[in-house]
Amino acid sequence: MTASPENGTSRPAGASSALVRSLRALVSAERVLTRHQDLIVYSYDASFLTRLKPGLPDVVVQPQTTAEVAAVVAAAAEHGVPVTPRGAGTAQTGGPVPARGGVVLDLSRMNRVLETDLDNLQVIVEPGVVHATLNAALEPQGFFFPPDPGSSQMCTIGGMVAGNTSGMRAVKYGATAEYVLGLEVVLADGTVITTGGLRSRALKSVSGYDLTRLFVGSEGTLGVITRIRLKVIPVPERRGVVMAAFCSIEAAGETVIDVFRARLRPAAIEIMDRTACRAAMLHVPGLVLPQGEGVLFFQVDGPPPAVTYEAEKLAAVCRRRANHVEWAEDPARVNALWQARAVVGAASGRVREEATRVCAGEDICVPIIQVPAALAAIQEISRRHGFPILTYGHIGDGNLHAAPLIDMRDLAEVDRAHQAADEIHRLALRINGTTTAEHGVGLVRAAYMDEEHGPALGVMRAIKKALDPAGIMNPGKMGLGREGRG
Amino acid sequence: MSTASAGGAGQGPSGGQGCGQYGIVANVFERVSAVAGEDVRSLLGELQKCMRCGQCRASCPVFAESGRETDVARGKLGLLLEELGGDLRPDRELYARLTRCVNCGRCRLECPSGADTGYMLLEGRCLLQRRIGLPPVKAAVVRGLFGRPAVLRAAAAALGLVQALLFRPSPVDPRHVRSIWRLPVFGQRMLLPRMRKRRPATAPALAAGRRQYVAPADAPVVIYPGCLVDLGYPELLTAAQEVFARLGRRVVVPEGLVCCGAPAAYAGDADTARRLAAENLKALAGHLDSPGSRLAFLCPSCAVAFRHDYPAYLFGRMSGGTEALAAAGLTMDAVSDVAAKSVDATALAWELGIGEHLAGPPISASVTYHDPCHLRRLLGVHSQPREALRALAGGGFREAPRPDSCCGFGGTFALEHVAASAQMLDRRAGELASTGAQLVATACPGCMAWLANGLDRAGGGQRTVHLIELIARGLGGGV
Ligand SMILES: Cc1cc2nc3c(=O)[nH]c(=O)nc-3n(C[C@H](O)[C@H](O)[C@H](O)COP(=O)(O)OP(=O)(O)OC[C@H]3O[C@@H](n4cnc5c(N)ncnc54)[C@H](O)[C@@H]3O)c2cc1C
Ligand code: SF4
Ligand code: SF4
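First to last, the protein sequences are chains A and B. Here the first sequence is numbered in our numbering, starting from 1 and rising by one per residue. Here the second sequence is numbered in our numbering, starting from 487 and rising by one per residue.
Below you can see the structure in the form of structure tokens.
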């Protein structure tokens with residue numbers, strides 16, 4: 001692979017053209033992409049790192065069946081060429097970007113809902129089904145798949161399983177893992193296995209090692225997920241939102257603790273700092289959020305009387321420290337408020353002209369009682385480096401999304417953003433947190449794996465070696481290679 | 487190709503040398519803006535706003551059909567960045583990818599980062615076009631035809647002759663003619679609006695002189711017909727004249743109006759687009775002086791050009807915009823004033839209260855409605871047409887699935903990317919046909935012509951109509 005402009009010529013050349021030839025025999029030619037211009041758009045995801053340093057694949061395949069995936073992986077294995085699975089490429093980690101070229105498997109065209117078995121509380125989907133599309137199909141029938149990432153409109157279920165994605169409702173409903181009943185996986189040699197039982201429709205099973213859990217969150221390093229049996233649950237009858245604004249971040253943090261002490265369990269507890277609120281208001285015309293250093297959003301759901309009861313009680317708890325409390329059950333207002341929170345990640349860039357939000361140091365998780373301290377420390381990092389960092393996140397589980405706003409045309413600022421990200425990651429580790437709550441490791445957090453896991457990383461490497469001895473599945477990620485970086 | 491065991495070939499994001507934990511070296515933004523001129527610098531400033539979140543995968547109608555990452559804004563902007571960085575040779579292939587776009591504005595409106603994808607796509611095509619020129623067919627169309635009003639008229643007349651020889655009237659809709667041969671790629675006979683010799687001077691009812699103007703005579707409704715109406719559907723102009731006359735407005739169709747320039751602007755030929763824009767603005771001079779005057783459009787794409795693209799892009803942030811404005815002897819105030827007065831004709835009719843003039847359902851047919859992308863998305867008009875149709879359709883109004891999806895026309899997109907366009911068309915026509923409605927109403931001559939093809943291919947015998955015609959018919963006999 002070379003970096004020189006090879007526009008117009010088909011890649012790759014030489015020895016690897018044998019692989020491309022066999023790929024074309026396995027998968028219809030228009031779904032085997034080798035034009036340089038087709039490959040470029042697979043060389044990044046939403047991570048800061050790959051915006052700066054793209055990683056070009058040699059060939060992209062868009063399979064439509066498990067058999068095609070298996071055949072492609074087997075062919076790649078035969079040629080000793082890396083395979084990087086990709087869903088919608090919304091990761092912020094570099095995970096779906098090939099670190100060492102090779103084949104990118106774009107699974108977003110395997111997007112059928114294969115079965116809707118609501119009586120048994122489950123659906124079977126292909127990995128490319130978009131999260132919002134699945135829920136849009138399920139909700140009229142009274143069911144839903146609860147995890148709700150901000151990327152719901154575009155991310156794939158396969159990507160969510162591979163990253164054990166979660167979202168705002170994780171406080172009550174947990175992450176994707178809790179809903180994955182079984183998987184079909186193409187292993188690194190092209191073998192197809194089914195986890196959770198071949199014919200199983202069981203909602204619970206402790207038969208054998210929990211291979212399903214092993215593949216959930218494996219970020220494409222152990223195999224390609226080609227089919228997913230997902231548990232779905234009834235949609236709560238009503239949703240309500242409580243919003244409270246505070247004069248200090250500390251007061252907001254204390255309130256979250258008060259809420260749990262009051263034996264309340266909202267579906268979501270979110271925090272947005274002052275700048276994050278401003279970003280949301282810039283993005284959604286007509287949206288008015290109260291003034292405060294920190295704003296908390298609670299979502300409550302359930303039967304209508306329970307929602308009213310819980311929301312009122314929540315509001316009462318908030319009033320102890322808040323300077324403004326509001327609650328809404330009106331679906332339009334509820335939606336407007338949640339929309340504000342859902343888009344803030346990408347809307348952050350709006351608060352600084354001539355700048356962009358970069359995804360770096362964006363996913364730490366700290367103990368709940370440390371949230372105010374972490375927010376203060378992030379502000380200090382922001383001041384020291386001289387660019388805004390707005391922060392929002394799932395405070396209900398201590399997960400904070402920090403968003404540095406920098407001008408990428410300014411090399412010094414780019415460099416300082418990396419330092420800031422590193423400082424944020426180290427901050428999390430120092431206060432008994434983790435570098436990533438839901439976005440994953442990929443390339444960008446590989447360097448912290450040793451520090452976070454110690455000898456356990458050795459066990460992960462052993463598992464990786466057992467399942468993928470040639471190291472062709474998404475190499476370079478998660479610090480699984482011996483050199484530490486992947 | 488590197489093999490797995492080769493490890494860190496230096497190309498991947500994990501390789502490389504330099505400072506810092508990730509070994510970051512100079513990035514494309516910094517590298518290019520250090521040497522680039524102001525134009526490229528400001529384009530880079532906007533390009534960096536794309537944080538590559540992928541949200542546009544959820545909105546792009548071209549991508550919805552193709553599943554190709556190069557079709558979404560994120561992909562096109564990625565290619566553009568690479569070109570600016572010098573890692574991509576500017577060539578026809580790149581041009582073709584950047585124009586796989588119906589310029590519907592969805593990605594811009596839905597981009598959470600507020601990245602102005604419209605500006606970037608237009609400016610990007612422009613920069614590329616300056617380096618490699620337009621593909622010959624496209625140059626002939628946007629420059630040679632739409633860029634030259636006299637040639638366009640002559641060509642339309644010639645097309646009329648060709649149509650007489652090689653086309654036959656469509657059995658379902660006599661204002662369309664159908665080619666006697668199947669087109670390659672398109673795979674079907676092609677339906678075109680029958681070319682007319684000249685537009686009727688005035689609507690018959692107007693000529694009869696039975697109107698009383700209720701609005702101040704100096705607050706006219708000025709109508710911009712647009713090329714397709716002018717040449718293929720002149721009866722729409724007549725209908726609009728009747729509608730506004732019924733509302734007591736003085737109706738003016740100025741002489742000297744030319745193509746709005748959108749085909750040229752979308753193609754990356756800003757010079758031609760600006761020349762046409764300036765000519766239009768000159769032709770309009772004096773007609774829109776009073777505050778109550780309005781400029782009404784029968785084609786929402788023309789409306790978007792006047793309302794948004796002239797001030798925001800062509801004479802706005804696109805490179806050379808300010809200079810072109812001065813060279814044409816125009817001011818931003820003048821451009822913005824015309825922009826502010828530009829509205830969709832059907833929406834204006836509704837706003838002026840045409841609803842009260844509708845004399846019961848004038849048609850017995852059932853009707854469905856197709857939202858033109860530019861009307862619904864960029865001009866925000868979607869409820870009024872439905873209200874109007876509920877009042878007008880004796881056989882009932884039937885909503886089609888996926889209301890706001892694209893018909894695949896996109897102007898020269900249909901010409902340049904026939905297969906992709908036809909795929910989008912077939913899906914949309916199928917959805918509209920599935921309603922079982924007898925008429926497919928829309929409010930754009932481009933959608934009308936293209937959907938007529940789709941419906942013809944679907945074979946359900948449905949016709950397309952422009953909402954303004956139905957409204958005019960709904961005015962009943964009494965004047
Ligand atoms: C605006 C925005 C908001 C976000 N909000 C959230 C949030 O609230 N919570 C959250 O957890 N994340 C969030 N994310 C991160 C990201 O969207 C999620 O991790 C998402 O699940 C990734 O899905 P994808 O289809 O884009 O996968 P990709 O980004 O394409 O891939 C992600 C990883 O999964 C692997 N992979 C993908 N498909 C498969 C497969 N079929 N088999 C094996 N491996 C596979 C890839 O190799 C890669 O390592 C957000 C991202 C953005 C841009
Ligand atoms: S939605 Fe906007 S920021 Fe996101 S990828 Fe598309 S253009 Fe970029
Ligand atoms: S303008 Fe429309 S067609 Fe063009 S890239 Fe954006 S969403 Fe796609």
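Glycine included, C-beta positions come from ideal geometry on N, C-alpha and C.
- When C-beta distances to chain A are compared with 7 angstroms, the residues of the region 535 to 569 of chain B below that value are Lys-535, Met-537, Arg-538, Cys-539, Gly-540, Gln-541, Arg-543, Ala-544, Gly-553, Glu-555, Thr-556, Gly-561, Gly-564, Leu-565, Glu-568, in chain order.
- Taking the Cα of Arg-341/A as reference, the smallest distance to any Cα among Ser-152/A, Gly-182/A, Gly-197/A is reached at Ser-152/A.
- The alpha-carbon separation between Ala-814/B and Glu-423/A amounts to approximately 55 angstroms.
- The chain-ordered list of residues whose CB is nearer than 7 angstroms to some heavy atom of ligand 2 reads Ala-346/A, Lys-535/B, Cys-536/B, Met-537/B, Arg-538/B, Cys-539/B, Gly-540/B, Gln-541/B, Cys-542/B, Val-558/B, Ala-559/B, Arg-560/B, Leu-563/B, Cys-593/B, Glu-596/B, Cys-597/B, Pro-598/B, Ser-599/B, Ala-601/B, Thr-603/B.
- Remark: the shortest separation between the CB of Cys-318/A and any heavy atom of ligand 1 does not fall under 7 angstroms.
- Rounded to the nearest angstrom, the Cβ distance from Gly-396/A to Val-242/A is 13 angstroms, too far for a contact under 8 angstroms.
- In the structure shown, the three-state DSSP call for Ser-47/A is strand.
- The CB of Met-154/A comes closer than 7 angstroms to the CB of Gly-540, Gln-541, Arg-543, Ala-544 in chain B, given here in chain order.
- Going by DSSP, Ser-907/B is part of no beta strand (DSSP E) but of the alpha helix (DSSP H) stretching over 904 to 919.
- Within the same chain, Gln-299, Val-300, Asp-301, Val-307, Thr-308, Glu-310, Ala-311, Trp-327, Ala-328, Glu-329, Val-334 come within 8 angstroms of Gly-240/A by CB-CB distance, once the 5 residues on both sides are set aside.
- Sixteen is the threshold: when 16 or more other Cβ atoms of the shown chains lie within 10 Å of the Cβ of Asp-273/A, as they do, the residue is buried.
- Counting only runs of at least 4 residues, the region 56 to 95 of chain A fully encloses the following alpha helix (DSSP H) elements, listed from N- to C-terminal order: 66 to 79.
- Boundaries for Phe-387/A: no beta strand (DSSP E) harbours it, and the DSSP string shows neither H nor E there.
- By the neighbour-count criterion, in which a residue is buried when 16 or more other Cβ atoms sit within 10 angstroms of its Cβ, Lys-465/A is exposed.
- Taking the CA atoms as reference points, Ser-528/B sits about 28 angstroms from Lys-624/B.
- Bridge partners of Ser-828/B according to DSSP: Leu-781/B.
- Within the region 396 to 430 of chain A, those residues whose Cβ lies closer than 8 angstroms to any Cβ of chain B are, in chain order, Asp-407, Met-408, Arg-409, Asp-410, Leu-411, Val-414, Asp-415, His-418, Gln-419, Asp-422.
- Residues of the same chain with a CB within less than 7 angstroms of the CB of Asp-557/B, apart from the 5 flanking positions on each side, are Cys-546, Val-548, Phe-549, Arg-586 in chain order.
- With a cut-off of 7 angstroms, the C-beta of Cys-546/B is classified as near ligand 3, since at least one heavy atom of the ligand falls inside that distance.
- As computed with DSSP, Glu-451/A is found in no beta bridge at all.
- With its beta carbon less than 8 angstroms from one in chain B, Arg-357/A belongs to the interface.
- In this structure, the alpha-carbon of Gly-197/A lies about 11 angstroms from that of Arg-229/A.
- About 17 angstroms separates the beta carbon of Ala-428/A from that of Met-478/A, a gap too long to meet the 8 angstroms contact definition.
- By the Cβ rule, the region 383 to 390 of chain A counts as touching the region 403 to 419 of chain A, because three or more pairs are nearer than 8 angstroms.
- Residues of the region 574 to 601 of chain B that bring their beta carbon within less than 7 angstroms of a beta carbon in chain A comprise Leu-574, Arg-575, Asp-577, Glu-579, Leu-580, Arg-583, Pro-598, Ser-599, Gly-600, in sequence order.
- For the region 514 to 529 of chain B, the set of residues with a beta-carbon nearer than 7 angstroms to any beta-carbon of chain A comprises Phe-515, Glu-516, Ser-519, in chain order.
- Taking 8 angstroms as the threshold, the shortest C-beta distance from Ser-151/A to chain B falls below it.
- DSSP places Ser-891/B outside any alpha helix (DSSP H), giving it a letter other than H or E.
- DSSP, reduced to helix, strand and coil, places Arg-654/B within a strand of the structure shown.
- According to the DSSP assignment, Tyr-719/B belongs to no alpha helix (DSSP H), since it is labelled neither H nor E.
- Annotated three-state conformation of Thr-165/A is coil, per DSSP.
- Using a Cβ-Cβ cut-off of 8 angstroms, Gly-531/B counts as an interface residue toward chain A, since at least one Cβ of chain A sits closer than that to its own.
- The residues Leu-480, in chain order, have a CB closer than 6 angstroms to that of Arg-461/A in the same chain once the five nearest residues on each side in sequence are set aside.
- Closer than 7 angstroms to some heavy atom of ligand 1: that does not describe the Cβ of Gln-291/A.
- Note on the region 801 to 875 of chain B: whole alpha helix (DSSP H) runs with a minimum of 4 residues are 807 to 813, 818 to 827, 831 to 837, in chain order.
- Assignment of beta strand (DSSP E) within the region 245 to 274 of chain A, counting only whole runs of 3 or more residues, yields 268 to 273 in chain order.
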